[in-house]
Amino acid sequence: MGAAMRRIHVGNALSAFGLGFTVPYLYVYVAQVRGLGAMTAGLVLAVFAVAALIVLPFAGRAIVRRGPLPVLLAALVTAAIGALSLGLSNSAATVLLSASALGAGQAVMQPALATMIVDCSTTETRSRAFATQFFLQNLGLGVGGLIGGHLVDPTEAGSFTLLFSIEAAMFLLLVVVMATVRMPRAPRLTDAPQQSAGASWKQLLGNRAMVQLCVLGFVLFFACYGQFESGLSAYGVEAAGISTSALGTALAANTLVIVIAQFAVLRFVERRKRSRVIASVGLIWAVAWAVAGYAGLGDGSQAMATAAFISTYALFGLGEALLSPTLAPLVADLAPTGMAGQYNSAFALVKQLALAVGPAVGGPMGASLHAPYIVVFLLFSLGITVLAVRLGRQLTEVQNHPCAARSRVVAQSGAAAGQAPAHA
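Just so you know, we're using the numbering used here here: the sequence shown kicks off at 939 and counts up by one.
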């Protein structure tokens, strides 16, 4: 990795570490520590999603025109202000305003960092770069959550103020780190004829492969990430009788599998078509939902139900490890020159929509409609496989299997070079 890529990965780790400090404790902080009630706490979580949905359409345009680094620095400062003010807020209005600033900043970081990775990598190194990003994000979230859990005291509001202050400091430290990054010269929208925001979105929607990838991405995030801390956890507690400690173990198993498997699966991913890798993730997650069904609906002992539930989260982690070096590089390869920021923001917007809708649908189903919940999301997982196969038909060889396409070009060039002397 070059110096720029190393700093980008440090940035990913620091931002994830800061988020891990506070995200698991937001509900307790707002509802109990500040005494604002469950309704306000629920609104705070909703504000994060709403803020992301508002700013992401504009973030893509800004990244294309200004470059990802200035947009990232602005997002980091906004998130730092939101985190610090959230730790000092004691009324519903200030809590919601602070959460909106923090949520907007966090949302814009994702496509900005992804575009920086695209600009600092090549087709050959992009899968490994995004795999490293995902690995460090999970490691940062896990370590941040672990340390944050030992610092907070629900009886002391000051401990939460310290927590949010540390998160703000992480974002400001990241500003210093990222300000030293020297980005390579990348094409911008200003290099081309002027194009309105509406025209750029129309161009994106005219890309049939990108539209299909966005539909596939929505289903992926809806059926997996949108269920982790809502429907699936509610199902585990209500249907399988899983304890809160076992639920924590399941989440830890998910992170552990990602950390262990991420680089082990890279060679497997790079040697196969991206559409087939995504299709295999759908099959793995279908098995995960079947195992979850056994945990809550089977006749086994409580120990077997707990083991099955933990295995469900582990299988989801394996699928995530396969996706991280696949989805983001595919988005980058589908983007026309200079439009990576727009495409990354569009895909981040789809992800936020899925994360907003997923808990709203899955939460009530997981808590009360146990059998239908499992069947529905098992079918969604199989739908991922179908959509991935259909997407593969829209992709070129370079987009779907860049490693093989590159090898073929090299082989043809070598053959041509070998024939040249004889022909002469």
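By construction, the Cβ of each residue, glycine as well, lies at the ideal position given by its N, Cα and C atoms.
What you are looking at is a predicted structure, and each value in this text was computed from that prediction instead of being measured.
Check whether Val968 and Thr960 have beta carbons under 8 Å apart: Locating residue 968 in the sequence shown gives position 30, counting from the first residue. Locating residue 960 in the sequence shown gives position 22, counting from the first residue. Going by C-beta atoms, Val968 is not nearer than 8 Å to Thr960.
Beta-carbon proximity list for Gln1150, same chain, < 8 Å, skipping 5 on both sides: Within the sequence shown, the letter at position 212 stands for residue 1150. The answer, listed in chain order, is Leu1325, Arg1328, Leu1329 and Gln1332.
Euclidean distance between Cα positions of Glu1208 and Leu1007: The residue given as residue 1208 occupies position 270 in the sequence shown. The residue given as residue 1007 occupies position 69 in the sequence shown. Cα to Cα, Glu1208 sits roughly 29 Å from Leu1007.
Cys1162 vs Phe1254 beta-carbon contact at 8 Å: Residue mapping note: residue 1162 aligns to position 224 of the sequence shown, counting from 1. Residue mapping note: residue 1254 aligns to position 316 of the sequence shown, counting from 1. The answer is yes: Cβ separation under 8 Å.
Three-way DSSP call (helix, strand, coil) for Thr978 in this model: As a first step, residue 978 is located in the sequence shown; it is residue number 40 there, counting from the start. The answer is helix: DSSP assigns Thr978 an H, G or I state.
Burial state of Asn1282, where buried means 16 or more other Cβ atoms lie within 10 Å: Taking the first residue of the sequence shown as position 1, residue 1282 is located at position 344. Looking at its Cβ environment, which holds 16 or more other Cβ atoms inside 10 Å, Asn1282 is buried.
Residues near Gly1080 by beta carbon distance below 6 Å, same chain, minus five either side: Within the sequence shown, the letter at position 142 stands for residue 1080. Contacts found: Thr1193.
For Val1067, the nearest candidate out of Asn1076, Ala1172 and Ala1052 (CA to CA): As a working mapping, residue 1067 is identified with position 129 in the sequence shown. According to the sequence displayed, residue 1067 carries Ala and not Val. Per the Cα distances, Ala1052.
Beta-carbon spacing of His947, Thr1070 below 8 Å: Counting from 1 along the sequence shown, the entry for residue 947 is found at position 9. Counting from 1 along the sequence shown, the entry for residue 1070 is found at position 132. Result yes, Cβ atoms of His947 and Thr1070 sit closer than 8 Å.
Endpoints, alpha helix (DSSP H) assigned at Pro1008: On the sequence shown, position 70 is the one that residue 1008 refers to. Taken as a continuous stretch (DSSP letters only), the alpha helix (DSSP H) holding Pro1008 covers Pro1006 to Leu1026.
Inter-residue Cα distance where the pair is Leu1034 and Arg1205: By 1-based counting over the sequence shown, the position of residue 1034 is 96. By 1-based counting over the sequence shown, the position of residue 1205 is 267. Going by the C-alpha atoms only, they are around 45 Å apart.
Close-in-space but distant-in-sequence residues of the same chain around Phe1156 (CB under 6 Å, 5 per side omitted): Within the sequence shown, the letter at position 218 stands for residue 1156. If we look at Phe1156 and ignore the five residues flanking it on each side, its Cβ neighbours are Val1288 and Ala1292.
Beta-carbon contacts of Leu1235 that lie in its chain and below 8 Å, excluding the five residues immediately before and after: What you label residue 1235 is simply residue 297 of the sequence shown in a count that begins at 1. Cβ within range, chain order: Ala1177, His1308, Ala1309 and Ile1312.
Anticipated Cβ contact below 8 Å, Ile1322 with Gly1164, distance rounded: Position 384 of the sequence shown, counting from 1, holds the residue named residue 1322. Position 226 of the sequence shown, counting from 1, holds the residue named residue 1164. Between Gly1164 and Ile1322 the Cβ distance is about 13 Å, and since that is not below 8 Å, they are no contact.
As assigned by DSSP and simplified to three states, the class of Ala1226: Counting from one through the sequence shown, the residue named residue 1226 turns up at place 288. Ala1226: helix per DSSP, three-state reduction.
Start-to-end residues for the alpha helix (DSSP H) that takes in His1339: By one-based count along the sequence shown, residue 1339 stands at place 401. Per DSSP, His1339 belongs to no alpha helix (DSSP H) and is neither H nor E.
Own chain partners of Ser1306 with C-beta closer than 8 Å, once the 5 adjacent residues on each side are dropped: Numbered from its first residue, the sequence shown carries residue 1306 at position 368. Same-chain partners within the cutoff: Glu1176.
First and last residue of the uninterrupted alpha helix (DSSP H) at Ser953: For the purposes of this step, residue 953 is taken as residue 15 along the sequence shown, with counting starting at 1. From DSSP, the alpha helix (DSSP H) with Ser953 extends over Ala941 to Thr960.
contact_flag[the segment 1020-1028, the segment 1096-1103] where n(CB pairs < 8 Å) is 3 or more: yes
Alpha-carbon spacing of Ala942 relative to Tyr1173, whole angstroms: Within the sequence shown, the letter at position 4 stands for residue 942. Within the sequence shown, the letter at position 235 stands for residue 1173. If you take the alpha carbons of Ala942 and Tyr1173, they lie about 44 Å apart.
Counted within 10 angstroms of its Cβ, other Cβ atoms place Pro1131 as buried (16 or more) or exposed: Taking the sequence shown and counting its residues from 1, one reaches residue 1131 at position 193. Confidence at Pro1131 is low in this model, with a pLDDT of 45, below 50, so the placement of that residue should be treated as unreliable; the coordinate-derived value is given next. Pro1131 is exposed by the Cβ-count criterion.
Meets three-Cβ-pair contact criterion under 8 Å: the segment 1034-1046 and the segment 1006-1020: yes
Distance between beta carbons of Ala1226 and Thr1250, contact taken as under 8 Å: Taking the sequence shown and counting its residues from 1, the one referred to as residue 1250 is at position 312. Taking the sequence shown and counting its residues from 1, the one referred to as residue 1226 is at position 288. The pair is a contact, with the Cβ atoms about 5 Å apart (cut-off 8 Å).
Beta carbon of Ile1001 nearer than 8 Å to that of Pro1049: Residue mapping note: residue 1001 aligns to position 63 of the sequence shown, counting from 1. Residue mapping note: residue 1049 aligns to position 111 of the sequence shown, counting from 1. Contact flag set, yes.
Short Cβ contact (8 Å threshold) for Phe1166 with Val1295: Taking the sequence shown and counting its residues from 1, the one referred to as residue 1166 is at position 228. Taking the sequence shown and counting its residues from 1, the one referred to as residue 1295 is at position 357. No.
Arg1066 in three-state terms, based on DSSP: By 1-based counting over the sequence shown, the position of residue 1066 is 128. In this structure, Arg1066 counts as helix in the three-state DSSP scheme.
Between the CA atoms of Gly940 and Ser1065 - distance to the nearest angstrom: Counted from its first residue, the sequence shown places residue 1065 at position 127. Counted from its first residue, the sequence shown places residue 940 at position 2. The straight-line gap from Cα to Cα measures roughly 15 Å.
Identity of the residue in Thr1244, Leu1084 and Ala1284 nearest Ala997 by Cα: Looking up residue 997 in the sequence shown gives position 59. It is Ala1284 whose Cα lies nearest to the Cα of Ala997.
Closest residue to Leu1158 among Asn950, Phe1318 and Met1303 (Cα-Cα distance): For this step, residue 1158 is matched to residue 220 along the sequence shown. If we check each option's Cα against that of Leu1158, Phe1318 comes out closest.
Within 8 Å, strictly: CB atoms of Lys1140 and Asn1338: Position 202 of the sequence shown, counting from 1, holds the residue named residue 1140. Position 400 of the sequence shown, counting from 1, holds the residue named residue 1338. Going by C-beta atoms, Lys1140 is not nearer than 8 Å to Asn1338.
6 Å CB neighbourhood of Asp1129 in its chain, flanking five on each side removed: Counting from one through the sequence shown, the residue named residue 1129 turns up at place 191. Only weak support is given to the placement of Asp1129: the predicted model assigns it a pLDDT of 44, under 50, and the question is left unresolved by the model.
Member of Val982, Gly1086 and Ala1230 whose CA lies at the smallest distance from the CA of Val1314: The residue given as residue 1314 occupies position 376 in the sequence shown. Of the listed residues, the one whose Cα sits closest to Val1314 is Ala1230.
6 Å Cβ shell around Gly1257 - same chain, five flanking residues per side excluded: Sequence index remark: in the sequence shown, residue 1257 carries index 319 (1-based). These residues qualify, in order along the chain: Val1219, Ile1222 and Trp1223.
Rounded distance between the beta-carbons of Ala1202 and Gly1078, thought under 8 Å: For the purposes of this step, residue 1078 is taken as the residue at position 140 of the sequence shown. For the purposes of this step, residue 1202 is taken as the residue at position 264 of the sequence shown. Not quite, the Cβ-Cβ distance comes to about 20 Å (not below 8 Å), so this is no contact.
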